[in-house]
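Taking our numbering, the leading residue of the sequence shown gets -4, the next gets one more, and so forth.
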Amino acid sequence: MVHVLSSRVLLRPSDPERSRAFYGEALGLEIYREFGTGPERGTVYFLGGGFLEVSGRATEPATDSLRLWLQVADAEAAHRKLVARGVEVLRPPVQEPWGLIEMWIADPDGHRIVLTEVPADHPLRYRP
(Lines of atoms letter the chains of each structure in order from A and count residues from 1; the text may use other names and numbers.)
(Lines give C-alpha, C1' and ligand atoms only; values in the text may rest on other atoms or scores of the structure.)
Protein backbone atom coordinates (compact mmCIF):
# COMPACT_ATOMS: atom_id res chain seq x y z
CA MET A 1 0.00 0.00 0.00
CA VAL A 2 1.16 3.52 -0.75
CA HIS A 3 1.26 5.73 2.33
CA VAL A 4 -0.26 9.05 1.18
CA LEU A 5 0.81 12.04 3.28
CA SER A 6 -1.08 14.75 1.43
CA SER A 7 -3.00 15.21 -1.82
CA ARG A 8 -4.38 17.84 -4.13
CA VAL A 9 -6.26 18.21 -7.39
CA LEU A 10 -4.21 19.94 -10.12
CA LEU A 11 -6.21 22.22 -12.40
CA ARG A 12 -4.74 23.78 -15.54
CA PRO A 13 -7.11 26.64 -16.49
CA SER A 14 -7.34 28.30 -19.89
CA ASP A 15 -7.23 31.72 -18.17
CA PRO A 16 -5.39 31.49 -14.81
CA GLU A 17 -6.38 34.96 -13.56
CA ARG A 18 -10.06 34.33 -14.31
CA SER A 19 -9.90 30.99 -12.51
CA ARG A 20 -8.13 32.50 -9.49
CA ALA A 21 -10.88 35.13 -9.31
CA PHE A 22 -13.52 32.38 -9.46
CA TYR A 23 -12.02 30.07 -6.84
CA GLY A 24 -10.61 32.77 -4.56
CA GLU A 25 -13.24 35.51 -4.79
CA ALA A 26 -16.50 33.98 -6.07
CA LEU A 27 -16.20 30.67 -4.17
CA GLY A 28 -14.21 32.29 -1.37
CA LEU A 29 -11.69 29.46 -0.98
CA GLU A 30 -8.85 30.28 1.40
CA ILE A 31 -5.30 30.22 0.01
CA TYR A 32 -2.95 27.56 1.40
CA ARG A 33 0.11 28.74 -0.53
CA GLU A 34 1.26 30.51 -3.67
CA PHE A 35 4.36 29.94 -5.76
CA GLY A 36 6.06 31.30 -8.86
CA THR A 37 5.47 34.64 -10.52
CA GLY A 38 3.47 36.06 -13.39
CA PRO A 39 0.04 35.13 -14.69
CA GLU A 40 0.74 31.37 -14.68
CA ARG A 41 1.93 31.29 -11.06
CA GLY A 42 0.49 28.63 -8.80
CA THR A 43 -2.17 29.13 -6.15
CA VAL A 44 -3.16 26.28 -3.84
CA TYR A 45 -6.54 26.54 -2.10
CA PHE A 46 -7.83 24.67 0.93
CA LEU A 47 -10.59 22.18 0.10
CA GLY A 48 -11.51 20.94 3.56
CA GLY A 49 -9.52 17.69 3.77
CA GLY A 50 -7.63 18.35 0.51
CA PHE A 51 -6.26 21.05 -1.74
CA LEU A 52 -6.94 22.52 -5.18
CA GLU A 53 -3.93 23.83 -7.09
CA VAL A 54 -4.61 26.27 -9.94
CA SER A 55 -1.41 26.69 -11.94
CA GLY A 56 -0.05 26.73 -15.47
CA ARG A 57 -2.28 27.15 -18.48
CA ALA A 58 -4.40 24.64 -20.41
CA THR A 59 -3.84 24.24 -24.13
CA GLU A 60 -6.83 21.93 -24.62
CA PRO A 61 -10.51 22.50 -23.77
CA ALA A 62 -11.73 21.35 -20.35
CA THR A 63 -12.50 17.67 -20.06
CA ASP A 64 -15.95 16.49 -19.05
CA SER A 65 -14.44 13.75 -16.87
CA LEU A 66 -13.33 16.02 -13.99
CA ARG A 67 -15.81 16.82 -11.22
CA LEU A 68 -15.14 18.55 -7.89
CA TRP A 69 -17.26 17.47 -4.91
CA LEU A 70 -17.32 20.06 -2.14
CA GLN A 71 -19.25 19.44 1.07
CA VAL A 72 -20.84 22.54 2.59
CA ALA A 73 -22.69 22.99 5.87
CA ASP A 74 -25.72 24.71 4.30
CA ALA A 75 -26.47 24.39 0.57
CA GLU A 76 -29.19 27.08 0.60
CA ALA A 77 -26.83 29.60 2.24
CA ALA A 78 -24.09 28.68 -0.27
CA HIS A 79 -26.60 29.15 -3.10
CA ARG A 80 -27.58 32.65 -1.92
CA LYS A 81 -23.95 33.67 -1.43
CA LEU A 82 -22.81 32.40 -4.85
CA VAL A 83 -25.73 34.02 -6.70
CA ALA A 84 -24.92 37.32 -4.95
CA ARG A 85 -21.32 36.97 -6.17
CA GLY A 86 -22.45 36.43 -9.77
CA VAL A 87 -21.72 32.71 -10.01
CA GLU A 88 -23.92 30.95 -12.57
CA VAL A 89 -25.81 28.16 -10.83
CA LEU A 90 -26.41 25.24 -13.18
CA ARG A 91 -28.86 23.65 -10.76
CA PRO A 92 -30.08 25.04 -7.41
CA PRO A 93 -30.01 22.89 -4.25
CA VAL A 94 -32.20 19.79 -4.55
CA GLN A 95 -32.55 16.87 -2.16
CA GLU A 96 -31.56 13.79 -4.14
CA PRO A 97 -33.25 10.38 -3.79
CA TRP A 98 -30.14 9.21 -1.91
CA GLY A 99 -30.72 11.93 0.72
CA LEU A 100 -27.94 14.43 -0.05
CA ILE A 101 -28.74 18.02 -0.98
CA GLU A 102 -26.79 18.89 -4.13
CA MET A 103 -26.28 22.09 -6.10
CA TRP A 104 -24.28 22.31 -9.34
CA ILE A 105 -22.09 25.16 -10.63
CA ALA A 106 -19.20 25.30 -13.12
CA ASP A 107 -15.88 27.08 -13.06
CA PRO A 108 -14.92 29.48 -15.90
CA ASP A 109 -13.58 26.60 -18.02
CA GLY A 110 -16.73 24.53 -17.53
CA HIS A 111 -15.43 22.08 -14.92
CA ARG A 112 -18.51 20.89 -13.01
CA ILE A 113 -18.59 21.44 -9.24
CA VAL A 114 -21.18 19.89 -6.95
CA LEU A 115 -21.75 21.54 -3.58
CA THR A 116 -23.26 18.95 -1.28
CA GLU A 117 -24.94 19.23 2.09
CA VAL A 118 -25.16 16.07 4.17
CA PRO A 119 -28.34 16.37 6.28
CA ALA A 120 -28.04 15.63 10.00
CA ASP A 121 -30.10 12.43 9.69
CA HIS A 122 -28.21 11.06 6.65
CA PRO A 123 -26.36 7.72 7.05
CA LEU A 124 -23.07 9.44 6.16
CA ARG A 125 -23.35 11.26 9.51
CA TYR A 126 -24.35 8.37 11.75
CA ARG A 127 -24.69 4.61 12.00
CA PRO A 128 -28.20 3.46 12.93
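Where is the CB? At the ideal position from N, CA and C, for every residue including glycine.
My assumption, with CB atoms under 8 Å, is that residue i sits in contact with residue j. Please give the rounded CB distance.
i, j, result
"glycine 94", "glutamine 66", "Going by Cβ atoms, the distance from glycine 94 to glutamine 66 rounds to 14 Å, so no, they are not a contact pair."
"glycine 45", "serine 2", "6 Å"
"arginine 62", "serine 9", "18 Å between Cβ atoms; not a contact."
Taking 8 Å as the cut-off, decide whether the C-beta atoms of residue i and residue j are in contact.
i, j, result
"glutamate 83", "alanine 101", "yes"
"methionine 98", "histidine 117", "no"
"phenylalanine 41", "leucine 24", "yes"
"alanine 72", "glycine 105", "no"
For residue i, count the other beta carbons within 10 Å of its own beta carbon; 16 or more makes it buried, fewer makes it exposed. Which is it?
i, result
"leucine 5", "exposed"
"isoleucine 108", "buried"
"tyrosine 18", "buried"
"phenylalanine 11", "This sequence places proline at residue 11; phenylalanine is not what is there. Buried: at least 16 other Cβ atoms inside 10 Å."
Using alpha carbons as the reference points, say which of the options lies closest to residue i.
i, options, result
"isoleucine 96", "Leu47, Glu20, Gly31 and Asp69", "Asp69"
Checklist entry - Pairing CB atoms from the region 32 to 48 with CB atoms from the region 71 to 83, are three or more of them under 8 Å? => result no
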